[in-house]
Amino acid sequence: MRSQRLANLAFTVLFVLAVVLAGWLSSRHSHQFDWTSGARNTLSEASTAILAQLNAPLEIVAFAREDELVRARVQRMVDRYLRGSAHIGLRFVNPDTAPEQVREQGITVDGELLIRYAGRSEKVADLSEQSISNALLRLSRGGERRVLFLSGHGERAPEGEANFDWRDFSAAMAKRGLTAAALNLAVANSVPDNAAVLVVADPRTDLLAGERQALADWIAKGGSLLWLAEPRRPLPEDMAALLGVQTQPGTVVDANTSALGIRDPSFALVAEYDAANPVTRDFKVLTVYPQAAPVDRIDGAVSDWQVQPLLQTLPRSWAETGPLRDKIGYDADTERAGPLPIGLTLTRRIGDREQRVAVIGDADFLANSYLGNAGNLDLGLALFNWLAHDDRLVAIPAKTAPDVDMAFTPALSAVIGFGVLLGLPLSLLAVGAWVWWRRRRR
Numbered sequence: 554m555r556s557q558r559l560a561n562l563a564f565t566v567l568f569v570l571a572v573v574l575a576g577w578l579s580s581r582h583s584h585q586f587d588w589t590s591g592a593r594n595t596l597s598e599a600s601t602a603i604l605a606q607l608n609a610p611l612e613i614v615a616f617a618r619e620d621e622l623v624r625a626r627v628q629r630m631v632d633r634y635l636r637g638s639a640h641i642g643l644r645f646v647n648p649d650t651a652p653e654q655v656r657e658q659g660i661t662v663d664g665e666l667l668i669r670y671a672g673r674s675e676k677v678a679d680l681s682e683q684s685i686s687n688a689l690l691r692l693s694r695g696g697e698r699r700v701l702f703l704s705g706h707g708e709r710a711p712e713g714e715a716n717f718d719w720r721d722f723s724a725a726m727a728k729r730g731l732t733a734a735a736l737n738l739a740v741a742n743s744v745p746d747n748a749a750v751l752v753v754a755d756p757r758t759d760l761l762a763g764e765r766q767a768l769a770d771w772i773a774k775g776g777s778l779l780w781l782a783e784p785r786r787p788l789p790e791d792m793a794a795l796l797g798v799q800t801q802p803g804t805v806v807d808a809n810t811s812a813l814g815i816r817d818p819s820f821a822l823v824a825e826y827d828a829a830n831p832v833t834r835d836f837k838v839l840t841v842y843p844q845a846a847p848v849d850r851i852d853g854a855v856s857d858w859q860v861q862p863l864l865q866t867l868p869r870s871w872a873e874t875g876p877l878r879d880k881i882g883y884d885a886d887t888e889r890a891g892p893l894p895i896g897l898t899l900t901r902r903i904g905d906r907e908q909r910v911a912v913i914g915d916a917d918f919l920a921n922s923y924l925g926n927a928g929n930l931d932l933g934l935a936l937f938n939w940l941a942h943d944d945r946l947v948a949i950p951a952k953t954a955p956d957v958d959m960a961f962t963p964a965l966s967a968v969i970g971f972g973v974l975l976g977l978p979l980s981l982l983a984v985g986a987w988v989w990w991r992r993r994r995r
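As numbered in the numbering used here, residues 554 to 995 make up the sequence shown, in order.
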């Protein structure tokens, strides 16, 4: 009897010790196993390789309201990254209690992520491994990428504070690793080889012959170019001939603006984008263009450029060739009706590299005065990422659960339906009747 009590006591002590030890180990060691088919709850090898490149703290700020479903969805996705790197931290911000921060960061979606790393930041609205990992890839590349703005002809200044200058957009680019600076070709004579993108933003005076030759040399060797024109200030003829595109006569007038409370009809709206264009593939936000010029291919031009539409106005628009005052209206005999292209992207192969050029008939949409309109900032950043070849994304293989659908033949479906609707109830009735009959006999 005594030995039995000792055995029971020993078992109790050992059981308590085992529970305490298990609790202690669980508080210091976290092990999780993904037994789903295809490891659907684990990061792909491509994402794991990106996390291995992180060598500094990375903060993920999730702008999500006090909604358990939204926050739980964010937490589940980000947890995969938290398990993969000790450098990553996550915190939630309620956009309702931090409106200034929401406006400053341009947050538009409940659950949108702001990822900060090494002084740069990226926004992610699509809560998927593909989007998050590619944002991490862009942030982890590092290195200075220079965006040079042609100067000396009255162009928009990248650091200028005037309404028509681009200081605010340059600051937004700097957060994403793109450094803006002015370039005077009359002094430099050529575009530096380390430039990621050359921007010509609405020159007010003609370029000198040497400057035009420097631009032609930059294009010939495969440099990325963004040319921003304005109505009545088209591309120079030699540049248009090199690219095979030109601005068209007139200023875009859009009758749709009144529905948005915009009194000036010379604001062009773009609401739909070409899904085949890599710049606007996932873009769905309205953008606004003050006094834009149509841009189109030159008829009959022979060119090795592949041209894709980038921006196209709405149907109730036209190219107004008369003065923009008093009462204006569409003249079917002399004016071109919308939709009108106001932006094009051009690509071609130079050796083993793709050359990228964009021509847009408006230089105001990224200016200080208009940058905050609708999705102008996000579109501009997407455009410069593409021009700087910063869109080389990783492909995350889709992970789907096998055999999630159960398919039945018509005969089997009929048998199951008959069994559930008639067979099962009749069986229960029969069993009940049999039990009742047995009890009555007793």
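Glycine included, C-beta positions come from ideal geometry on N, C-alpha and C.
{"Item": "For residue 708, the three-state DSSP class (helix, strand or coil)", "Value": "coil"}
{"Item": "Sequence-distant residues of its chain with Cβ nearer than 7 Å to residue 887 (five each side left out)", "Value": "874"}
{"Item": "Outcome for residue 563 when other beta-carbon atoms lying within 10 angstroms are tallied against a minimum of 16", "Value": "exposed"}
{"Item": "Other residues of its chain near residue 793: CB distance less than 6 Å, five sequence neighbours each side excluded", "Value": "799"}
{"Item": "CA nearest to the CA of residue 688, picked from 934, 846, 971, 906", "Value": "934"}
{"Item": "Distance, residue 667 Cα to residue 627 Cα", "Value": "12 Å"}
{"Item": "Burial state of residue 835 (16 or more Cβ within 10 Å)", "Value": "exposed"}
{"Item": "Which listed residue (625, 672, 691) has its alpha carbon closest to that of residue 603", "Value": "691"}
{"Item": "Beta-carbon proximity list for residue 838, same chain, < 7 Å, skipping 5 on both sides", "Value": "927, 928, 931"}
{"Item": "Proximity below 8 Å, CB of residue 867 to CB of residue 843", "Value": "no"}
{"Item": "Reduced DSSP secondary structure (H/G/I, E/B, other) of residue 963", "Value": "helix"}
{"Item": "C-beta atoms of residue 805 and residue 872 nearer than 8 Å", "Value": "yes"}
{"Item": "Sequence-distant residues of its chain with Cβ nearer than 8 Å to residue 860 (five each side left out)", "Value": "797, 798, 850, 897, 898, 899"}
{"Item": "Three-way DSSP call (helix, strand, coil) for residue 635 in this model", "Value": "helix"}
{"Item": "Contact under 8 Å by Cβ, residue 670 with residue 609", "Value": "yes"}
{"Item": "Close beta carbons around residue 869, own chain, < 6 Å, minus the five adjacent residues each side", "Value": "808, 809"}
{"Item": "Pick from 923, 780, 883, 771 that is closest to residue 822, judged by C-alpha positions", "Value": "923"}
{"Item": "Where residue 564 falls: helix, strand or coil (DSSP)", "Value": "helix"}
{"Item": "Whole-angstrom distance between residue 646 and residue 771, CA atom to CA atom", "Value": "45 Å"}
{"Item": "Where residue 576 sits in the DSSP three-state scheme", "Value": "helix"}
{"Item": "Start-to-end residues for the alpha helix (DSSP H) that takes in residue 652", "Value": "652 to 658"}
{"Item": "Per-residue burial, residue 565 [other beta carbons within 10 Å of its own, 16 or more giving buried]", "Value": "exposed"}
{"Item": "Inter-residue spacing [alpha-carbon to alpha-carbon] between residue 988 and residue 979", "Value": "14 Å"}
{"Item": "Closest by C-alpha distance to residue 632, when choosing among 682, 812, 940", "Value": "682"}
{"Item": "Residue 748 versus residue 766 - alpha carbon distance", "Value": "17 Å"}
{"Item": "Rounded straight-line distance, which links the Cα of residue 643 to that of residue 557", "Value": "54 Å"}
{"Item": "Pairwise C-alpha distance: residue 776 and residue 764", "Value": "15 Å"}
{"Item": "Cut-off 7 Å between Cβ atoms - residues of its own chain near residue 997, not counting five sequence neighbours on either side", "Value": "Outside the displayed range of the chain (554 to 995) lies residue 997, so it cannot be described from this structure."}
{"Item": "Simplified DSSP state of residue 619, which is helix, strand or coil", "Value": "coil"}
{"Item": "Contact the stretch 606 to 622 vs the stretch 701 to 708: 3+ CB pairs below 8 Å", "Value": "no"}
{"Item": "Alpha-carbon to alpha-carbon, residue 921 and residue 625", "Value": "38 Å"}
{"Item": "Where residue 990 falls, given that 16 or more other Cβ within 10 Å makes a residue buried", "Value": "exposed"}
{"Item": "Proximity winner among 607, 676, 702, relative to residue 693 (alpha-carbon distances)", "Value": "607"}
{"Item": "Residue 993 to residue 986 span [Cα, whole Å]", "Value": "11 Å"}
{"Item": "Residue 847 classed as buried or exposed, judged by whether at least 16 other C-beta atoms fall within 10 angstroms", "Value": "buried"}
{"Item": "Selected residue, minimal CA-CA separation from residue 658, among 818, 615, 916", "Value": "615"}
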